[in-house]
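The structure appears below as structure tokens.
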Amino acid sequence: MPGSDRRLPVAHIPVAASEEGVRLDRWMRRRFPGLAPSAIAKMARTGQIRVDGRRVAPGARLAAGQVVRVPPLPADALRPPLREQRLQQRPLSRQEEAFAHSLVLYEDDWVIAIAKPPGLSTQGGPGIRRHVDRLAAALRRRSDEEMPRLVHRLDRETSGVLLLARTAEAAARLAASLRSRQAEKLYWAVVAGLPRPAEGEITAPLLRQPRPGGARVVVDPAGKKAHTRYQLVAQAGRRFSWVKLAPLTGRTHQLRVHLAHLGHPILGDRLYGTASARVPAGGLLRPGLHLHARRIRVPHPRDPDHLLDVRAPLPEHMRVLWEAFGWDPEEAAADEPPSG
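If you count the sequence shown from 1, position 20 lands on 224 in the numbering used here, and the numbers rise without skipping.
Below is the structure:
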């Protein structure tokens with residue numbers, strides 16, 4: 205390959221506020237798209253890539269302000285594979301642009317809030333062609349405007365409110381609010397069974413375990429601190445319950461693992477659920493993870509004394525369940541944080 209004999213020098217790159225929570229391997233792929241995932245994993249395992257001078261796993265989550273040491277790389281590491289170049293260069297279709305605009309819940313000069321549907325990834329990856337990062341281009345007001353930046357993430361199968369910043373300054377301020385717990389996130393979930401007590405806190409530490417096909421998170425004393433508040437809102441007999449959740453920490457799959465640990469896995473959770481959490485076949489209910497980021501309240505990046513308060517309507521598969529069980533999604537108490 206032309207240029208493959210040239211090498212880039214060692215680099216020490218700080219993690220930006222807008223990159224808070226990004227996996228190391230994905231961070232590397234964004235900056236050096238010509239590197240194969242296997243090469244990045246090997247460099248991390250052998251200590252060639254370091255974070256704040258320490259060896260870390262490829263799937264480690266980065267924090268703003270950390271410094272990543274990148275070893276000498278082939279110059280071609282900066283160039284995406286040809287297929288990815290073609291995809292990146294392909295403009296959004298009218299249908300994609302219309303779809304992106306249909307997701308917008310709120311927007312101003314600083315921030316955009318969208319209702320992410322289940323099944324839409326926040327970021328790209330192998331085999332993922334449509335994702336929020338790509339669709340964000342449609343949300344610019346002018347072609348010379350900065351590309352909107354993700355400031356937090358939702359799992360692919362989780363629906364609900366997702367914030368993007370229009371500028372680097374807005375991204376940094378929103379990320380700081382999220383880190384300092386000034387933001388208040390409220391989730392709704394349908395779980396198997398009837399939680400007892402009806403409200404409480406879950407503080408089981410969580411540990412990420414790499415495995416073929418993707419990492420799995422488990423409760424483990426050696427894991428990271430994790431804290432979730434929950435409260436029962438309504439029930440359908442003793443089989444299913446509507447709970448509202450407030451994650452006080454932001455661990456991967458935290459709500460899903462904590463509820464499974466409580467003995468009440470989320471309906472439709474194929475990774476952490478048990479037989480009791482399977483969606484009954486042939487009935488009124490529809491398949492899919494029944495976890496929804498209902499509301500977020502956070503200081504506005506323009507004026508910290510003003511709260512940005514956004515709510516997302518239920519996705520279709522959850523709306524159908526609410527109707528089947530006679531639950532009211534407009535119930536005011538359901539939009540307030542769990543008392544904990």
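Just so it is clear, CB atoms sit at the ideal spot from N, CA and C, and this is done for glycine as well.
Since the structure is predicted, the reported quantities are computational estimates derived from the model, not experimental observations.
Residues sharing a beta bridge with residue i, DSSP
i: Ile332; result: Gly329
i: Ser445; result: Val395 and Gln439
i: Pro278; result: Arg211
i: Leu367; result: Ala317
i: His216; result: Arg273
i: Lys246; result: For Lys246, which the question treats as bridged, DSSP gives no partner whatsoever.
i: Gly404; result: Tyr434
i: Ile470; result: Val395
i: Gln413; result: Arg420
i: Leu390; result: Arg499
i: Arg353; result: Ala369
i: Tyr310; result: Ala317
i: Lys429; result: Bridge partners of Lys429: none, in fact.
i: Pro451; result: Thr432
i: Lys255; result: Position check: residue 255 holds Val in this sequence, whereas Lys was assumed. Answer by DSSP bridge pairing, in chain order: Arg258 and Val272.
i: Arg265; result: Arg227
Which listed residue (the options) has its alpha carbon closest to that of residue i
i: Ala402; options: Gln413, Pro416, Ala396 and Gln435; result: Gln435
i: Gln270; options: Leu366, Gly263, Arg258 and Pro278; result: Arg258
i: Ala317; options: Gly323, Ala516 and Glu527; result: Ala516
i: Lys320; options: Ala396, Asp359, Trp314 and Leu296; result: Asp359
i: Gly397; options: Ser384, Gly441 and Ala408; result: Gly441
i: Leu382; options: Ala220, Val214 and Glu224; result: Glu224
i: His521; options: Leu495, Glu540, Pro541 and Glu534; result: Leu495
i: Arg235; options: Gly331, Asp507 and Leu282; result: Leu282
i: Ser445; options: Pro491, Trp531 and Ala419; result: Trp531
i: Ser384; options: Pro508, Ala537 and Ser297; result: Pro508
i: His431; options: Arg443, Pro469 and Val461; result: Val461
i: Arg210; options: Trp231, Pro262, Leu277 and Lys246; result: Leu277
i: Tyr476; options: Gly331, Gly404 and Ala419; result: Ala419
i: Lys429; options: Arg415, Gln439 and Ala408; result: Ala408
i: Asp309; options: Pro469, Arg298, Val514 and Arg334; result: The identity of residue 309 in the sequence shown is Leu, whereas the question assumes Asp. When only C-alpha atoms are compared, the closest one is Val514.
i: Glu534; options: Arg499, His457, Ser543 and Leu489; result: Arg499
i: Pro352; options: Ala380, Glu361, Pro399 and Ala304; result: Ala304
i: Ile470; options: Pro399, Ser306 and Leu307; result: Pro399
i: Glu311; options: Arg433, Pro491, Gln299 and Leu512; result: Leu512
i: Ala538; options: Gln439, Arg474, Arg490 and Ala479; result: Gln439
Supposed contact pair residue j and residue i - C-beta distance, whole angstroms, cut 8 Å
i: Gly467; j: Val483; result: Wrong, their Cβ atoms sit about 19 Å apart, outside the cutoff.
i: Arg455; j: Leu410; result: 5 Å
i: Gln413; j: Pro503; result: Actually they do not touch by this definition, with Cβ atoms about 35 Å apart.
i: Ile253; j: Pro275; result: 7 Å
i: Ala393; j: Leu449; result: 6 Å
i: Val336; j: Leu354; result: 7 Å
i: Leu228; j: Val260; result: 6 Å
i: Val524; j: Val447; result: Contact doesn't hold; Cβ gap of about 18 Å is too wide.
i: Val437; j: Ala374; result: So it is not a contact: roughly 33 Å between Cβ atoms.
i: Leu212; j: Ala279; result: 6 Å
i: Pro322; j: Pro541; result: So it is not a contact: roughly 23 Å between Cβ atoms.
i: Ala264; j: Val219; result: Between Val219 and Ala264 the Cβ distance is about 11 Å, and since that is not below 8 Å, they are no contact.
i: His465; j: Ile406; result: 7 Å
i: Leu339; j: Pro505; result: About 21 Å; that fails the 8 Å criterion.
i: Val255; j: Ile217; result: Wrong, their Cβ atoms sit about 10 Å apart, outside the cutoff.
i: Lys389; j: Ala497; result: 7 Å
i: Tyr391; j: Leu459; result: 6 Å
i: Lys233; j: Pro241; result: It is worth fixing the name first, because residue 233 is Arg in this sequence and not Lys. So it is a contact: roughly 7 Å between Cβ atoms.
i: Leu266; j: Val214; result: Not a contact, Cβ separation roughly 19 Å.
Short CB-CB distance (under 8 Å) between residue i and chain C
i: Gly472; result: The structure shown contains no chain C; it is built from a single protein chain.
Any non-hydrogen atom of the ligand ADP within 7 Å of residue i CB
i: Ala537; result: This structure simply doesn't include the ligand ADP, nor any ligand for that matter.
Taking contact to mean at least 3 C-beta pairs separated by less than 8 Å, is the segment 338-351 in contact with the segment 370-380?
Yes: at least three Cβ pairs fall under 8 Å.
Could you check whether the segment 412-432 touches the segment 325-340, counting it as contact only if at least three pairs of C-beta atoms, one from each stretch, sit closer than 8 Å?
No: fewer than three Cβ pairs fall under 8 Å.
Fully enclosed by the segment 484-542, which beta strand (DSSP E) runs are 3 residues long or longer?
Entirely contained in the segment 484-542, the beta strand (DSSP E) runs reaching 3 residues are, in chain order, 495-503 and 511-515.
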